[in-house]
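Below is one structure, written out as structure tokens; comments come after it.
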Amino acid sequence: MDDQAPPNDDEQGRDDQIAALAEILEQVEERLHDLEAKVDALGNQEPAERKPHEPAPWVWYSPPAAAEDDPDSDLDPRFTVDNFIGWYNTTLVGTDGSSARPIPDCWRQHTGLALEVAALAYSWREANMGKGATARDAQYWLHQWRPAFTDRMTRNWVHPDCLDGKHRRSPLAPRSDRFTLSEEHVVVADNHRETGPEQLDQGG
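Heads up, the sequence shown is in this note's numbering, so the first residue is 433 and it goes up one at a time.
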């Protein structure tokens, strides 16, 4: 004789509810797995990449032309820096009396300023152009790099006369940049090649 009593209606109802809840939980778990898979797939997608010369959406004005815009160009960083300075002086100069002064024409004759200007130009490109540009870096450039640069330019690198268009020599003698030096070496080497044999013939 079986001593186990048949389940009453309350017990049967509870068992049915537990079974229904278990089924619902199983469906929820399956949906969660599906959502996780979709989120992972979205995270692994490559973002749409800007081309190296393409400005980011927050670049409000046309960016300065640069040697890097065309991989086949024979232009060098001097082109990039020169164009950046022109763009800077028409875009980022402040009101009268402010510290946001234009970069003077004699910047090449001040070695410290020349280093700073080149770094400023390329840090701007890094923050604002191509696939690596981020709005956070662009804001940091505006908030930190630019004002710190203008402060050092006016206090450390140039005389106030330079800022007014009347160049005053710095204590350090001007130096040729490495691109100019390289071109000068090529010219010297070419001259040696052209005149060397002739000089040997004259000496013989």
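Every residue gets a Cβ at the ideal spot worked out from N, C-alpha and C, and that includes glycine.
Run of the alpha helix (DSSP H) containing residue i, from where it starts to where it stops
i, result
"residue 517", "509–523"
"residue 560", "543–560"
"residue 574", "Residue 574 -> no alpha helix (DSSP H), and no H or E assigned at all."
"residue 594", "592–595"
For residue j and residue i, believed in contact at Cβ under 8 Å, the rounded distance
i, j, result
"residue 570", "residue 560", "5 Å"
Burial state of residue i, where buried means 16 or more other Cβ atoms lie within 10 Å
i, result
"residue 527", "exposed"
"residue 548", "buried"
"residue 520", "buried"
"residue 552", "buried"
"residue 617", "exposed"
"residue 545", "buried"
"residue 557", "buried"
Under the three-state DSSP convention, the category residue i falls into
i, result
"residue 579", "helix"
"residue 606", "coil"
"residue 503", "coil"
request  = Specify whether the region 508–523 and the region 491–498 touch according to this definition: at least 3 beta carbon pairs, one from each stretch, less than 8 Å apart.
outcome  = yes
inquiry  = Measuring CB atoms only, is the region 565–584 touching the region 501–509, in the sense that at least three cross pairs come out at less than 8 Å?
reply    = no
task = Evaluate the contact criterion for the region 531–545 versus the region 448–459: three or more CB pairs, one atom per stretch, below 8 Å.
result = Segment contact: the region 531–545 against the region 448–459, fewer than three CB-CB distances shorter than 8 Å; contact not assigned.
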